């Protein structure tokens, strides 16, 4: 109805609206209101008007009210329905329902299932069978389902993370329509395609008794990501949509392998644009950690782009031995290399000087790839460092030149002949050679073979049995142009020509850029080699570059969420370069340190609207919500208007005259109006008192203290935690809210990470139920600081008789399930969580601080790193921490310190900061301070 999702079960009743103008005239005349006049007759004579009276008329607002009431009666009789189901083809045969299952349907999957359910309900009401054909799970044969069976199958369907071929589903539908000529076809389409195919390729010829129904559009179209590019200044990604429409904006979020957010970038579509761009202007070190890009709020596999190490922007060091780098910089090898590497790597060109010194400087900077252009003799010490660099996983790329041709260097993939080979020229019988072959099992196997690259000079390799296996690219006469070999975990690569144009025109071609891109990518492929079968030394590089198959690690579902790979997911072939499919869904493949990403969309892919015009079908939009009958709300509105009409008539007829006085009339009118409105709007339920407490505690991090019932102690606890909160806000990134006092017997404790509990000797021992609540709080990750505040009274070292506060604490702890305790060790994370501390002073300094004991240490071993969360649920002290933290409104200390050392209060606040960081960060800080122990474990 005029673009609204509104329909009527009896639309002919709406013709009664034509009679509304007639009602206007019928409702205008009512009997005049009786007038009350006071005797004597002379007064009556004064009230008589000297002109002819006209009949009283109904006020216009009352007439409009009654016309509205009549309109509501007509509307209710017509049977209004919000979000009506699509009108199925009026065929007498079964209903053939084709449902798109690709990732574009994922954001609106609930609405699609609701629409399909409504169609099944209509088929059930008409007594028709249902043939359900999903486009991704096409059955071999169509079987008619009962409505209950169709609903059960519908609930089992889910969107898939790729775009399935629709032609198989429509071929099956065409066969069923041929067998059932009276069948009706309904297609719930996602409206998205990658390339417009010929109509006959998707829709075979079908002879339908009634035109088919296509349900498509109506809601916001799906968005997708493609073509990520890690350029020099930023990482950019294309945001795509199938059809240009209204302006649209959003955010793209970047996450690392652990799912932690690394940043967000906005994008915005213009009114006539189908593409937008999101740019992440963040440091390259952070960009290299990005493993997942996703559109915020767009839950589909197409809205996700996974990035592996191929998208990393690596740092490449370049060292040149040629003098032209300083004499003619625009003709130097470093100029060609920097221009070729610039789109995908950060180039560090060594300063002019001895090549050995430049190599050592770059190795100190830990670059993953090192390129040497025409560097001949390398000193033994530098050569040893280079060899270790390669064996540990680095990539060393050598370019030939006059110096390398005349040097004796074995840090190469092949042995070289001294001198070189000149092709063409006045003193040569040979002509320049073109590029002839790219080895099928080398890293250049997927590059197109150029026909415009020629070589006029090269260095030759000594022929041996391994030369053929180490050759990645060769000239037409079979001599090698590029060779490579694996050495340890790294790779040695040699270009048998120079990096400038003096020996060949290769640096002027696009093939040179792609060759360098593939060579640089070898810096992170050591882990993938472990997936390949064992191979001998001669085939080690080929095995490493092209493993037989890569096992799936984790894949995306249709909604873009990670899930374990199912039994139908096949290992990824080494030569796989296509987009995702049923056998290879999008996700990560390979080991954790050598993941390979497969995405739903390739970089050149673009979205296009899916053309359903060959079906000759009626197109209806997809509805956003469920079907809803509006007759109930219309009838409620009618009752309200009837009540208002009755009040109006009563008022005009003088029925309220018995209520004397203006105030009485006002009160009566207000009461009647409230009564009328109460039938239309139910009163909201009053909020509970504890809701405000929960909202306040959950909206921000708060430090909490136990209310003991002693006003002075509770005041110091509140002031102490307030002072610590201010200190944390000034010195750390934590911006906590004001401290909150809790009643451990009534209030919910799970909102707080830390609970400070001052022990009073004369306080009653909490009941078993209260201690159970505290015990549950600690087991769920909370930490309780028990402060006896008796460090001056307690004997040193924790020996001797207990103080009254110590006895009360022992009574409390006897009802709690606490772990074994020990004094804080010198290497505990609590001593290093934020500040480096040796002890934990408060208002006093002599007390011992106790925490959960670390695991026992076996003979001959150092103390192991802490496992699990790494946070002790109990911290016990007697140093009166809150007394040292307590400050007034102006920041002045409230209590003196004992013994009152100059920096005692500062170290007390540092103690509080370490405790807060320790409690809030858990095993993160534990891992940081125990790195040596963790590395030692990994080495074992």
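In our numbering, the protein residues as written are 551 to 1490. Each residue gets a CB set at the ideal place from its N, CA and C atoms; glycine is no exception. Everything numeric in this text was worked out from a predicted model, so none of it was measured.
Environment of residue i [buried if 16+ CB atoms lie within 10 Å]
i            : result
residue 1043 : buried
residue 1144 : buried
residue 1249 : exposed
residue 904  : exposed
residue 1025 : buried
residue 1072 : buried
residue 800  : buried
residue 568  : exposed
residue 854  : buried
residue 1312 : exposed
residue 1014 : exposed
residue 688  : buried
residue 1450 : exposed
residue 1430 : buried
residue 1155 : buried
residue 1315 : exposed
residue 1296 : exposed
residue 1358 : buried
8 Å contact criterion, which residue i and residue j should meet: CB distance rounded
i            : j            : result
residue 868  : residue 898  : 7 Å
residue 678  : residue 645  : 5 Å
residue 1492 : residue 983  : As displayed, the chain neither begins before 551 nor continues past 1490, which places residue 1492 out of reach and without an answer.
residue 676  : residue 697  : Not quite, the Cβ-Cβ distance comes to about 11 Å (not below 8 Å), so this is no contact.
residue 1256 : residue 1307 : 4 Å
residue 785  : residue 840  : 7 Å
residue 545  : residue 863  : Outside the shown range of the chain (551 to 1490) lies residue 545, about which nothing can therefore be said.
residue 1466 : residue 1299 : Contact flag wrong, Cβ pair sits at about 17 Å.
residue 965  : residue 1012 : 4 Å
Cβ-heavy atom distance, residue i to the ligand NAP, below 7 Å
i            : result
residue 1392 : This structure lacks the ligand NAP, and indeed carries no ligand of any kind.
Cut-off 8 Å between Cβ atoms - residues of its own chain near residue i, not counting five sequence neighbours on either side
i            : result
residue 767  : 741, 1169, 1171, 1172
residue 996  : 1125, 1127
residue 626  : 1181, 1184, 1185, 1188
residue 1230 : Bear in mind that the predicted position of residue 1230 carries a pLDDT of just 47, short of 50, making it unreliable; the figure below should be weighed with that in mind. So the list reads 1186, 1187, 1190, once near-sequence residues are dropped.
residue 755  : 724
residue 1471 : 1383
residue 1371 : 1400, 1401, 1402, 1403, 1424, 1426
residue 1112 : 1104, 1105, 1106, 1137
Beta-carbon proximity list for residue i, same chain, < 7 Å, skipping 5 on both sides
i            : result
residue 861  : 778, 780
residue 774  : 790, 852, 853, 1151, 1157
residue 985  : 999, 1000, 1003, 1023, 1025, 1031
residue 1086 : Because the pLDDT at residue 1086 is just 33, under 50, the model does not fix this residue reliably, and the value given afterwards should be weighed accordingly. Cβ within range, chain order: n/a, list empty.
Cut-off 6 Å between Cβ atoms - residues of its own chain near residue i, not counting five sequence neighbours on either side
i           : result
residue 847 : none
residue 908 : 869, 900
residue 716 : 685, 752
residue 713 : 652
residue 906 : 929, 932
- Message: Across the stretch 1268-1276 and the stretch 1309-1325, are there enough close Cβ pairs to call them in contact, namely three or more that are closer than 8 Å?
- Response: Cβ pair count under 8 Å is below three, so no.
- Query: Can we say the stretch 1337-1346 touches the stretch 1374-1384, given the rule of at least three CB pairs closer than 8 Å?
  - Reply: Touching, no, given that fewer than three Cβ pairs across the two stretches are closer than 8 Å.
- Message: So, does the stretch 932-952 touch the stretch 910-922, judging by three or more C-beta pairs under 8 Å?
- Response: Between the stretch 932-952 and the stretch 910-922, the count of Cβ pairs shorter than 8 Å is three or higher; the stretches touch.
- Given 8 Å, three or more beta-carbon pairs between the stretch 1284-1293 and the stretch 1440-1450: Result no; under three Cβ-Cβ pairs closer than 8 Å.
- Task: Ignoring anything shorter than 3 residues or poking outside the stretch 1276-1359, list the beta strand (DSSP E) runs there in chain order.
- Result: Counting whole runs of 3 or more residues, the stretch 1276-1359 contains the beta strand (DSSP E) stretches 1290-1292, 1304-1308, 1333-1337.
- Query: Along the chain, which unbroken stretches of the beta strand (DSSP E) at least 3 residues long are found entirely within the stretch 921-1008?
  - Reply: Fully enclosed beta strand (DSSP E) runs of 3 or longer: 945-949, 983-988.
- So, do the stretch 771-784 and the stretch 1182-1199 have three or more beta carbon pairs nearer to each other than 8 Å? Judged by Cβ distances under 8 Å, the stretch 771-784 makes no contact with the stretch 1182-1199, as fewer than three pairs qualify.
- Which full runs of the beta strand (DSSP E) of 3+ residues lie inside the stretch 808-842, going along the chain? Correct list: 811-819, 825-830.
- Task: Would you list, in sequence order, the uninterrupted alpha helix (DSSP H) runs of no fewer than 4 residues that lie entirely inside the stretch 869-913?
- Result: Entirely contained in the stretch 869-913, the alpha helix (DSSP H) runs reaching 4 residues are, in chain order, 874-877, 883-891.
- Task: Answer yes if the stretch 876-895 comes into contact with the stretch 822-838, meaning at least three C-beta pairs across the two stretches below 8 Å, and no otherwise.
- Result: The stretch 822-838 is not in contact with the stretch 876-895.
- With a cut-off of 8 Å, do at least 3 Cβ pairs link the stretch 927-937 to the stretch 1013-1032? No, they do not touch.
- Item | the stretch 701-710 touching the stretch 722-737, judged by at least three CB pairs closer than 8 Å | No, because fewer than three Cβ pairs between the stretch 701-710 and the stretch 722-737 fall closer than 8 Å, the two stretches do not touch.
- Query: Any chance the stretch 1432-1439 sits against the stretch 1391-1405, with 3 or more Cβ pairs inside 8 Å?
  - Reply: Verdict: yes, contact present.
- Task: Enumerate, from N- to C-terminal direction, the unbroken alpha helix (DSSP H) stretches of 4 or more residues contained entirely within the stretch 614-696.
- Result: Listed in chain order, they are 659-675.
- Tell me, please, whether the stretch 987-996 touches the stretch 953-960 by the rule of three or more beta-carbon pairs shorter than 8 Å. Flag = no, the stretch 987-996 and the stretch 953-960 do not touch.
- Continuous beta strand (DSSP E) assignments of at least 3 residues falling wholly in the stretch 1127-1179: Within the stretch 1127-1179, the complete beta strand (DSSP E) runs of at least 3 residues are 1137-1139, 1146-1148, 1168-1170.
- Message: Please give me, in chain order, every unbroken run of the alpha helix (DSSP H) with length at least 4 that falls completely inside the stretch 698-736.
- Response: Runs of the alpha helix (DSSP H) inside the stretch 698-736: 716-729.
- Task: Identify every run of the alpha helix (DSSP H) within the stretch 1004-1054, keeping only runs that are complete inside it and at least 4 residues long; order them along the chain.
- Result: Listed in chain order, they are 1017-1020.
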